[in-house]
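In the working numbering, the protein residues as written are 221 to 449.
Backbone N, C-alpha and C fix where the C-beta goes; we use that ideal spot for every residue, glycine too.
Right, one structure below, let's go through it.
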Ligand SMILES: C[S@@+](CC[C@H](N)C(=O)[O-])C[C@H]1O[C@@H](n2cnc3c(N)ncnc32)[C@H](O)[C@@H]1O
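Below is the structure:
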């Protein structure tokens, strides 16, 4: 694992216990609803085998299973502390929690009908490898669906940026008790690819039917894309 990835892993191990509370506060309670939207995209084409990468505390994995109760769902992450919170949360029936690095997935080609992830891509050291791995483990026709943070655009962008720089590290200090981790969240979001640039990377990985929906003044995006048949 590269040094950048080990640093990310240590950051999430450190904030696992307060992660869900901070997420609800930072998104004004919208995170769970967005995760359900991600799950609806991923399961819309049917299928019975789903992978939620960077599952964290497992919110998307549970939403996928809720959409498709008979399915088998794997929630995978490289933070053992996040996985531990996922395992201890209610509503886990039918979900298998597993350690995995998104750069090197321990799954066969074409193993899944749908792949989901939330807030993964801005954290990885090799985005193209991570997208290639998702493409590889999907069946032809399978869907990837993701929630991702995004640098704000449009005329309100300067104000949204200032708001993020002030509010998130403050909440991170008082509630999350780790200012550096939440400063990292702001820096990695503001420094991440624009939606136009990320669309190109999905295309270069081979995905088609790429769609994106903007949420929360453009600071969050819901992506969906398909592996060609
Ligand atoms: C911001 S949390 C998101 C958790 C969850 N998806 C959600 O929406 O609440 C990001 C997660 O990505 C995981 N992660 C980051 N890089 C990863 C990688 N290379 N492989 C696997 N998991 C990774 C972190 O451990 C962390 O649990």
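| query | result |
| --- | --- |
| Proximal residues to residue 403 (C-beta, below 6 Å), its chain only, five neighbours per side dropped | 389 |
| Heavy atom of ligand 1 within 7 Å of residue 398 beta-carbon | no |
| Spatial distance of residue 221 from residue 351 (CA atoms) | 17 Å |
| Local Cβ density within 10 Å of residue 235, reported as buried at 16 or more and exposed below that | buried |
| Counted within 10 angstroms of its Cβ, other Cβ atoms place residue 428 as buried (16 or more) or exposed | exposed |
| Contacts around residue 399, its chain only, beta-carbon distance under 6 Å, and the 5 residues preceding and following it disregarded | 389, 392 and 393 |
| Any non-hydrogen atom of ligand 1 closer than 7 Å to residue 343 Cβ | yes |
| Contact check, residue 343 vs residue 228, beta carbons under 8 Å | yes |
| Any non-hydrogen atom of ligand 1 within 7 Å of residue 228 CB | yes |
| Integer Cβ distance of residue 319 from residue 357, believed to fall under 8 Å | Wrong, their Cβ atoms sit about 16 Å apart, outside the cutoff. |
| Where residue 280 falls: helix, strand or coil (DSSP) | helix |
| Contacting residues, own chain, Cβ-Cβ under 7 Å from residue 246 (five flanking each side not counted) | 388 and 391 |
| Buried versus exposed, by CB contacts within 10 Å (16 or more), residue 287 | buried |
| Three-way DSSP call (helix, strand, coil) for residue 294 in this model | strand |
| Reduced DSSP category for residue 392 - H, G, I as helix; E, B as strand; rest coil | helix |
| Own chain residues within Cβ distance below 6 Å of residue 426, not counting five before or after | 355 |
| Own chain, CB closer than 6 Å to residue 232, minus 5 neighbours either side, in chain order | 299 and 302 |
| Residues near residue 285 by beta carbon distance below 6 Å, same chain, minus five either side | 293, 314 and 315 |
| Alpha-carbon to alpha-carbon, residue 348 and residue 369 | 17 Å |
| Beta carbon of residue 442 nearer than 8 Å to that of residue 241 | no |
| Simplified DSSP assignment, three categories, for residue 352 | helix |
| Residue 290 versus residue 382: straight-line alpha-carbon distance, rounded | 45 Å |
| Any non-hydrogen atom of ligand 1 closer than 7 Å to residue 277 Cβ | yes |
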